[in-house]
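A short write-up of the structure that comes next.
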Amino acid sequence: MFDPKLKEALGRVQKPGRYTGGEPGSVYKDKEKVDVRFAFCFPDTYEVGMSFLGEKILYELLNGHENWWCERAFMPWLDMKAEMERLDLPLYTMESKDPLTDFDAVGFTLQYELSYTNILAMLDLAHIPFYAKDRDEHWPLIVAGGPCACNSEPIADFFDVIQLGEGENQLPSICAEIERAKKEGGVSKKELLRRIAKIPGVYIPAFYDVTYFEDGRVKAITPNEPGIPAVITKAIIKDLNEFTPPTNFVVPMVGAIQDRASIEVLRGCVRGCRFCQAGMVYRPTREKDVERLKKLAYQMLKSTGHEEISLSSLSSSDYSQLQELVTFLIEEFKGKGVNISLPSLRIDAFSLDVMGKVQDIKKSSLTFAPEAGSQRLRDVINKGLTKEVILEGAGMAFEGGWNKVKLYFMLGLPTETEEDMKAIPELANDIAVRYYEIPKDQRNGKCQITISTSFFVPKPFTPFQWASMHDPEDYIARAKVVNDTVKEQLNRKSIKYNWHEADVTVLEGVLARGDRKVGNVIRTVYERGGIFDAWSEYFDYQRWLDAFAECGVDMDFYTKRERSLDEVFPWDFIDTGVTKEFLKREWQNAMEENVTPNCRMRCSGCGAAQFKTGVCMAER
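Printed below as a string of structure tokens:
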């Protein structure tokens, strides 16, 4: 039975199904009989959060423990947020409808830097103090994890516990410590945090002090409690087959952005693109057994009723047993109305053959991500993709019946010149030329090539973490060079060009490489009305500029300043496996336009072999 306030709120919002719960696959337990209650919070809308595989993994993992209950909460949309504030209805979970303050721990996933104001909005709606220092034993532990946790310093003061690395082992260990402390009784928050700090890959921000030089650079990050490690090594799952992935997903009541079953085939990437954070922090590459994946796919589709299954990874083409798995899926679900989604594929003969079997070629488009237009700049970023390979793949696709191609690039990469920018539409034109080489009677209508450019953001733990950024006006000028060059191409009528917002890029750069001084800016933006910054219609750059000025924090210090090789970064107390010395070598290789072979071709000594698993062991 719904609370009368909740019932009133639901009657006044656009999509009440976002807030009602009761979906197939939801887990319900007797809250009087469980020892630990964990609220998993996604700092964006229900539709976005229900597309996230990580939540599904941890939801099923925690709920598999008879003494624990994991529930879900999402950021309410603006209409529901207004109703909750009007009615003084605190943020609650989908399963029990209990407020977040009733839980032992409240966990947030850090998927994207521009969701940080939403985290504060959710804490505010839950009537939970923002800062860890203001929460004693009577408040839930506020926990974070996810890819942005590798530099959580801009939001570190808001969290009690931050998980670094892969959470399948960490989160159950945290829950076990909470359960033990509750059964003992009288355990202080500080003592509980000391115990949790002993879990591999767990970071307790309150146990570390940051000192700065007069110019604002970080001087040192040092533990302030005995027994706390000076360097925290990320948690890693050595054998991906050790954990059974979720097979009984919660099926959303309101259409999720990615409403499909998803299977992770491998973790990590062997490629070594120098701009890619995920490709570095998830090393080494580890694969799942193909026979297990076959069984999981069948169980998942049967239990959820989904009509699409996706093979999830950073680079699906690098899964060594991909052909066997895809052949199985095509044959097993033939004629059963099940679509197979294959993201992150390289365009080669096998991939095109597979896509031809699982897609409507007339409706679908192929995606290439050259990232840079010129070969010189692709060598700088270590993309490992030549123009010949791109044109060969496009040619095979066109001869197979495709006529729509999407091309993804970045502008503002280190060492980029005007020639590199112009090379983007020139490459698109070359691809169009390849299409029109096909005899007219064998073509599938007009060729459609869509160019999309984002602006490069230097990320921690990548070889480009030392790089500088530009002003928004400079980024837009670069996009104009591309746009003007598109108009000069022979096949310009076949080419369409889209580009990303420049001001969002600059802010993302600050939040990605920021330190604890940025936390006050985030709080100030939220207090001035900033939420849903990841949604372009609600992003207000001026509000951020005003907050930086009010807090006395210089944006250019975090973006336009190129770092020296000996600078201490806010994240240098974290060991992701990839050493800083390797990243320095790769930064130097980028400046010299040297290509580094992928991990299967040759070990480059990145440091990830310390984990003694995956491709690092297979190649020895």
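This note's numbering puts the sequence shown at residues 2 to 621. For every residue, glycine included, the Cβ atom is placed at its ideal position computed from N, Cα and C. Computed from a prediction, not measured in an experiment: that's the story for all the values here.
Non-local C-beta neighbours of L126 in its own chain, meaning closer than 8 Å and more than five positions away in sequence, comprise P77, K82, M85, E86, P91 and L92, ordered along the chain. Residue pairing of Q443 in beta bridges, as defined by DSSP: absent, with no partner found. The C-alpha of N599 is placed about 8 Å away from the C-alpha of G385. Between D516 and R544, the alpha-carbon positions lie close to 20 Å from each other. Look at K199 here: in three-state DSSP terms it is coil, with no helix or strand label.
In this structure, A433 lies away from N340, with their beta-carbon atoms at least 8 Å apart.
With the rule of 3 Cβ pairs closer than 8 Å, the stretch 426–444 does not count as touching the stretch 460–479.
For A40, the pairing in a beta bridge is given by DSSP as E72 and V107. Taking 8 Å as the upper bound for CB-CB distance, N404 and R444 are in contact here, some 7 Å apart. D349 counts as exposed, since fewer than 16 other beta carbons sit within 10 angstroms of its beta carbon.
Per DSSP, reduced to three states, the secondary structure at D421 is helical. An exposed status is given to H139, since fewer than 16 other beta-carbon atoms sit within 10 Å of its beta-carbon.
With contact defined as three or more Cβ pairs closer than 8 Å, the stretch 509–523 and the stretch 482–497 are not in contact. Rounded to the nearest angstrom, the gap between the Cα atoms of A373 and L412 is 8 Å. Assigned with DSSP and collapsed to three states, Y29 falls in coil, not helix or strand. Between V406 and A395, the C-beta spacing is below 8 Å.
Per DSSP, the unbroken alpha helix (DSSP H) holding M301 starts and ends at V291 to T305. DSSP, reduced to helix, strand and coil, places L193 within a helical segment of the structure shown. Counting along the chain, I58 sits inside the alpha helix (DSSP H) bounded by residues L54 to N64.
Looking from the CA of P230, the closest CA among A591, F574 and R603 belongs to F574.
Per DSSP, the beta bridge partners of D210 are T223.
Counting only runs that start and end inside the stretch 433–508, the beta strand (DSSP E) elements of at least 3 residues fall at 449–456 and 496–500. When only Cα atoms are considered, V569 and N225 end up about 18 Å apart.
H471 counts as buried, since no fewer than 16 other beta carbons sit within 10 angstroms of its beta carbon. Beyond the five residues adjoining it in sequence on each side, S537 comes within less than 7 Å, by CB distance, of E502 in the same chain, given in chain order. Here Y320 is buried, its C-beta having at least 16 other C-beta atoms within 10 Å. Cβ-Cβ separation between L194 and D161: approximately 6 Å, consistent with a contact (criterion under 8 Å).
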